[in-house]
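Oh and the sequence shown: position 12 is 1063 in this note's numbering, straight run, nothing missing.
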Amino acid sequence: MQPIASQVGRISISIDRNQLLKLMQSQAIVACDLKACDANSQSCLKQLVLECSKNDFNDG
């Protein structure tokens, strides 16, 4: 992860998809804390949320 800028308690980062998936699966970060910067990133974030939900459903 690389911090890009900080504004009023917020920070922008660039993160690898697999690294973000691991953080979400370990519940170290949750999707509601994230905001995508463009349509492609938003689509990727939605896919990760679905993947995490699928894994949680299969585990429980």
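Just so you know, even glycine gets a beta-carbon here, dropped at the ideal spot from N, CA and C.
Other residues of its chain near Leu1099: CB distance less than 8 angstroms, five sequence neighbours each side excluded: For the purposes of this step, residue 1099 is identified with residue 48 of the sequence shown, where counting begins at 1. Answer for Leu1099: Arg1068, Leu1071, Leu1072, Met1075, Ala1082, listed in chain order.
Cα-Cα separation, Cys1095 to Asp1110: On the sequence shown, position 44 is the one that residue 1095 refers to. On the sequence shown, position 59 is the one that residue 1110 refers to. Taking the straight line joining both Cα atoms gives about 23 angstroms.
CB-CB length for Gln1093 against Ala1087, believed under 8 angstroms: Within the sequence shown, numbered from 1, the residue matching residue 1093 stands at position 42. Within the sequence shown, numbered from 1, the residue matching residue 1087 stands at position 36. Contact flag correct, Cβ pair sits at about 4 angstroms.
Reduced DSSP secondary structure (H/G/I, E/B, other) of Ser1104: Looking up residue 1104 in the sequence shown gives position 53. The answer is helix: DSSP assigns Ser1104 an H, G or I state.
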